[in-house]
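**Q** Here you go, one structure.
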Amino acid sequence: MHPSIKILSLIFIGIWMHRFSVAELSIFAGLMALAMLYWRINSWFLMLWRMRLLFVSIFLVYALTTPGEYLRLLPEVSITYEGLYEGFMQIARLGLMLSAIALLIATTTRNELIAGFYGILKPLSYLKLAPERFAARLCLTLQYLEDAEAAKKERKQTANQQWSAQKAWQDLFNLDFLNQVHQLNPSQAISLEMPALQNKDWMVLVVICVLAWKI
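In this text, residue positions in the sequence shown follow the working numbering: the first is 61, and each later residue adds one.
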């Protein structure tokens, strides 16, 4: 599938998922589980584990603040049945979105991901904007993250490593870090191959447009 269509599908799933019922979420979860098994994606479980505190916070906020019928077993805690339902639904939606992101990352190379975003933003060139700059910055950011991950592994082997992965993540919020990377690699050239849209890509795009019209 074309990388731009993959990204558009992910965005559309995130927008449309709030309309899913419990049955629809269950069907989508089953499809994502099959996809995880087929592509042998293990990063999703690590992502869920890292988000465990957020899940607990979301569940407690909805359980304690959503008005409705209080639990008969714990009436003094002010937990409602409606809050439990909403909290479960929000956690399920977030977990499924994480699975979709993990699937996108596992089935798409870095260059394909950059080309996908570039294809989506290419119409902005008619407004005299430069999607090439965004693609270049995204490429440098992804490269920087890969370097940070490699340095993290090296840090585990070398006790005298001067910087850590935590500092690397902090540097992402530094407005000058991209300029520093560019100074370190002034002659780096970025080339993207834009594949043509196939019949299945057009079919998915038509489905997205039709469903988006109903939102």
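We put the CB at the ideal spot given by N, CA and C, even for glycine. Please read these numbers as outputs of a predicted model, since none were measured by experiment.
(1) Whose C-beta lies closer than 7 Å to the C-beta of Leu244 among residues of the same chain, with five residues either side of it excluded?
(2) Counting only runs of 4+ residues fully inside the region 79-131, write out the alpha helix (DSSP H) ranges in chain order.
(3) My output table needs one value for Thr140: the three-state DSSP class, helix, strand or coil.
(4) With 16 as the cutoff for other CB atoms within 10 Å, does Trp104 come out buried or exposed?
(5) Do Arg170 and Leu202 have their CB atoms nearer than 8 Å?
(6) Once DSSP output is grouped into helix, strand and coil, what is the label at Ala256?
(7) Around the C-beta of Thr140, are 16 or more other C-beta atoms found within 10 angstroms, so that it is buried, or is it exposed?
(8) What separation, rounded to the nearest whole angstrom, lies between the Cα atoms of Ala196 and Tyr178?
(9) How would you call Leu156, buried or exposed, if buried means at least 16 neighbouring beta carbons within 10 angstroms?
(10) Could you work out which residue in Leu271, Ser185, Ile151, Leu85 is closest to Trp109 when comparing CA atoms only?
**A** Working from what's here:
(1) Against the sequence shown, residue 244 aligns to sequence position 184. Below a pLDDT of 50, predicted positions are generally treated as unreliable, and Leu244, at 45, falls in that range; the measurement from the model is reported next regardless. Closer than 7 Å at Cβ, skipping near neighbours: no residue.
(2) 82-99, 103-110, 112-125
(3) Mapped onto the sequence shown, residue 140 falls at position 80. Thr140 falls in the strand class under three-state DSSP.
(4) Here the question's residue 104 lines up with position 44 in the sequence shown. So Trp104 counts as buried.
(5) Mapped onto the sequence shown, residue 170 falls at position 110. Mapped onto the sequence shown, residue 202 falls at position 142. Yes, the pair counts as a contact, with Cβ atoms nearer than the cut-off.
(6) As a position in the sequence shown, residue 256 is number 196, starting the count at 1. If DSSP states are grouped into helix, strand and coil, Ala256 belongs with coil.
(7) Here the question's residue 140 lines up with position 80 in the sequence shown. That one is buried.
(8) What you label residue 196 is simply residue 136 of the sequence shown in a count that begins at 1. What you label residue 178 is simply residue 118 of the sequence shown in a count that begins at 1. So the alpha carbons of these two residues sit roughly 9 Å apart.
(9) Counting from 1 along the sequence shown, the entry for residue 156 is found at position 96. Leu156 should be labelled buried.
(10) For the purposes of this step, residue 109 is identified with residue 49 of the sequence shown, where counting begins at 1. Among Leu271, Ser185, Ile151, Leu85, the Cα nearest to that of Trp109 is on Ile151.
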